[in-house]
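Note that the UniProt record's numbering has the sequence shown beginning at 1, numbered continuously upward. Okay, so here's the structure we're looking at.
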Amino acid sequence: MGLLADIADFERAKIRERQAEGIAIAKAKGKYARQPKLIEEDVEQIHVLLQLGHEKTEIARQFQVSRQTVYNALKRHPDANR
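Structure representation (structure tokens):
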């Protein structure tokens, strides 16, 4: 039983090494990053909609994101009026 556990541990370590190598390669190519839910043009449009009197909940539904995502996007906007 101990031998099988040792083999399993060794295999798991090799998997982790290969995964870490793959992640490092992807990061070097700029492929390993989470995509933003809203691009800058969306944030600008959200800001305009807020100035026109639309509610944040309505805006979130329109962009198919959560209200928190709208709030976070507005924090990034230079002259966001909350």
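Ideal Cβ placement from N, Cα and C applies to all residues, glycine included. Being a predicted model, the structure only gives us computed values, none of them experimental.
Q) CA-CA distance, residue 85 and Arg16? A) Past the edges of the chain, shown from 1 to 82, lies residue 85, and the structure says nothing about it.
Q: Assign Val70 to buried or exposed, taking buried as 16 or more other Cβ atoms, counted over all protein chains shown, within 10 Å of its Cβ.
A: By 1-based counting over the sequence shown, the position of residue 70 is 70. Burial call: buried.
Q: Can you have a look at Arg82 and say buried or exposed, based on whether 16 or more other CB atoms are within 10 angstroms of its CB?
A: To locate residue 82, count along the sequence shown from 1; it is residue 82. Bear in mind that the predicted position of Arg82 carries a pLDDT of just 46, short of 50, making it too unreliable to give a figure here.
**Q.** Buried/exposed call for Ile59, threshold 16 Cβ in 10 Å
**A.** Along the sequence shown, one-based indexing puts residue 59 at 59. That one is buried.
Q | At least 3 beta-carbon pairs within less than 8 Å: the stretch 61-75 vs the stretch 31-43 | A | yes
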